[in-house]
Amino acid sequence: MRTALAVAQNALASEDVPVGAIIVNKLGEIIATGHNERELRNDPTAHAEIVAIRRATEKLGKWRLEDCTIIVTLEPCAMCAGAIAQTRFSTLIFGAWDEKAGAAGSVWDLLRDPRSLSKVEVRPGVLAEECSKILKAFIQGVRKKDSE
């Protein structure tokens, strides 16, 4: 998770929300990273998870990542949770809960829904306070800019 937090910092250069994602194989080796690039690419789908998934599937030459774990600093939204399920990850580890748009246990629970095609082990709350802190600092900075 500390690596995902470091990756999240890269989003700040383009004024994107600082969310980071890493994908590791079953040996724990990092095979891909991603951070939010929505502002950078003017692409609403360029969430950290999607960016990392695209890089991992390109690197491995396959779309199924069933032997991989995705680690994200923020609970995935519905779009990202769907992509995680479709990619067949074995495990999702995330830090901060997203009480407004989270889809891995807070607002929705798409990955553990009994109707889901694939089941993903979900491990929430890893370094949650640190993950929340970077997001809160970013949001406070945006609000401060807006009020000036």
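According to our numbering, the stretch in the sequence shown is residues 386 to 533, in order.
Glycine included, every Cβ here is placed at the ideal spot set by N, Cα and C.
Secondary structure at A391: helix, using DSSP grouped into helix, strand and coil.
With respect to A441, I416 sits close: the two C-beta atoms are nearer than 8 Å. Boundaries of the beta strand (DSSP E) harbouring V409: 405-409, taken from the DSSP string.
As the crow flies, the alpha-carbon of I469 is around 30 Å from that of G526.
The C-alpha of A431 lies about 5 Å from the C-alpha of R423. When C-alpha distances from S501 are compared across S399, P509, A489, L512, the shortest belongs to A489. The straight-line gap separating the alpha-carbon atoms of R497 and G413 is approximately 23 Å.
Taking each of T476, G446, A433 in turn and checking the Cα distance to A391, the smallest one comes out for A433. Taking the Cβ atoms as the reference, A463 lies roughly 6 Å from L495, within the contact range of under 8 Å.
Going by DSSP, T442 is part of the alpha helix (DSSP H) stretching over 433-445.
The three-state reading of DSSP puts R423 in helix, counting H, G and I together. Of the other Cβ atoms in all chains shown, 16 or more fall within 10 Å of the Cβ of N421; this residue is therefore buried. The beta carbon of S517 sits closer than 7 Å to the beta carbons of A481 from its chain, once the five residues preceding and following it are set aside; these are given in chain order. Within its own chain, the residues whose Cβ lies closer than 6 Å to the Cβ of L397, once the five positions on either side in sequence are excluded, are P403, listed in chain order.
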